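Those letters in the sequence shown? Residues 0 to 185, per numbering that gives the first Met the number 0, in order.
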Amino acid sequence: MKKCSGESSSKLDRKTVERNRRIHMKGLCFKLASLVPPQHSKASNSKDTLSQQKQLDLASSYIKQLRERIENLKERKEKAMRSQLGIDANSTIDADNAMMVRSRLPVLELRDSGSSIEVMLISGLNKNFMLFEVISVLEEEGAEVVSASFSTVGDKIFHSIHAQVKISRVGVETSTVWQRLQDLIY
Numbered sequence: 000m001k002k003c004s005g006e007s008s009s010k011l012d013r014k015t016v017e018r019n020r021r022i023h024m025k026g027l028c029f030k031l032a033s034l035v036p037p038q039h040s041k042a043s044n045s046k047d048t049l050s051q052q053k054q055l056d057l058a059s060s061y062i063k064q065l066r067e068r069i070e071n072l073k074e075r076k077e078k079a080m081r082s083q084l085g086i087d088a089n090s091t092i093d094a095d096n097a098m099m100v101r102s103r104l105p106v107l108e109l110r111d112s113g114s115s116i117e118v119m120l121i122s123g124l125n126k127n128f129m130l131f132e133v134i135s136v137l138e139e140e141g142a143e144v145v146s147a148s149f150s151t152v153g154d155k156i157f158h159s160i161h162a163q164v165k166i167s168r169v170g171v172e173t174s175t176v177w178q179r180l181q182d183l184i185y
């Protein structure tokens, strides 16, 4: 008798688990169907009247269409980069390598926020300037360096310099600083 009651409670547990699983799957299918834009569905009926299988089929075809679009856009990007760099369309260089060729070091970025200046400089290991020379330019132009740091990642050196304007009434002529740093590092 105990065996029978144990089996019946086990069957109820399995039924409950299966019902919860079906409810969960139905919710996931509804969520997936809601992500497919209505213009992708060519049927004039609303999604509520579509069968669950039809909703899954629409989602699947939409995902395939998005993948094809991504591949097409990647190819167009690569062609555009090749033409911009003057690289033969049949060469084996990929878009990432093309970007590396295009972005020559060093890279200089200067941010002026009124009372402070931030200099970000990325250079190669074979740089032809010293960090103290950059600091000297800032100080000669009326800024006081608050912090300066650098870090090396691979074959690149990342410099970060933060400076405050010494005399707020006078300020710092950012264009002059920019030109002097350009002359220094290039």
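Even for Gly, the Cβ is constructed at its ideal location relative to N, Cα and C.
Computed from a predicted model, the values in this text were never measured in an experiment.
Beta-carbon proximity check, residue i vs residue j, cutoff 7 angstroms
i: Q51; j: S115; result: no
i: V195; j: E140; result: The structure shown does not extend to residue 195, since the chain spans only 0 to 185, so no value can be given for it.
i: L109; j: G123; result: no
i: V171; j: A147; result: no
Residue i to residue j span [Cα, whole Å]
i: I121; j: L34; result: 42 angstroms
i: R81; j: I22; result: 51 angstroms
i: L180; j: V152; result: 22 angstroms
i: A79; j: E70; result: 14 angstroms
i: A32; j: L49; result: 10 angstroms
i: T173; j: D111; result: 7 angstroms
i: S7; j: A58; result: 40 angstroms
i: I156; j: F131; result: 15 angstroms
i: N19; j: S40; result: 29 angstroms
i: N125; j: R68; result: 42 angstroms
i: P36; j: L72; result: 20 angstroms
i: M129; j: F149; result: 11 angstroms
i: L137; j: Y185; result: 17 angstroms
i: M188; j: K10; result: Because residue 188 is not part of the residues shown, which for the chain are 0 to 185, the question remains open.
i: E17; j: M119; result: 59 angstroms
i: N127; j: D154; result: 14 angstroms
i: K165; j: G113; result: 11 angstroms
Whole-Å CB distance - residue i paired with residue j, under 8 angstroms assumed
i: E117; j: H158; result: Between H158 and E117 the Cβ distance is about 11 angstroms, and since that is not below 8 angstroms, they are no contact.
i: L183; j: V144; result: At roughly 15 angstroms, the Cβ-Cβ gap does not stay under 8 angstroms, so L183 and V144 are not in contact.
Collapsed DSSP secondary structure at residue i in the structure displayed
i: E172; result: coil
i: K126; result: coil
i: S59; result: helix
i: S7; result: helix
i: D111; result: strand
i: L120; result: strand
i: K155; result: strand
i: I184; result: helix
i: V136; result: helix
i: S50; result: coil
i: S40; result: coil
i: T15; result: helix
i: I160; result: strand
Within-7 angstroms CB hit, residue i to chain B
i: E6; result: No chain B is present in this structure, which holds just one protein chain.
- request: Tell me, please, whether the segment 53-60 touches the segment 17-36 by the rule of three or more beta-carbon pairs shorter than 8 angstroms.
  value: yes
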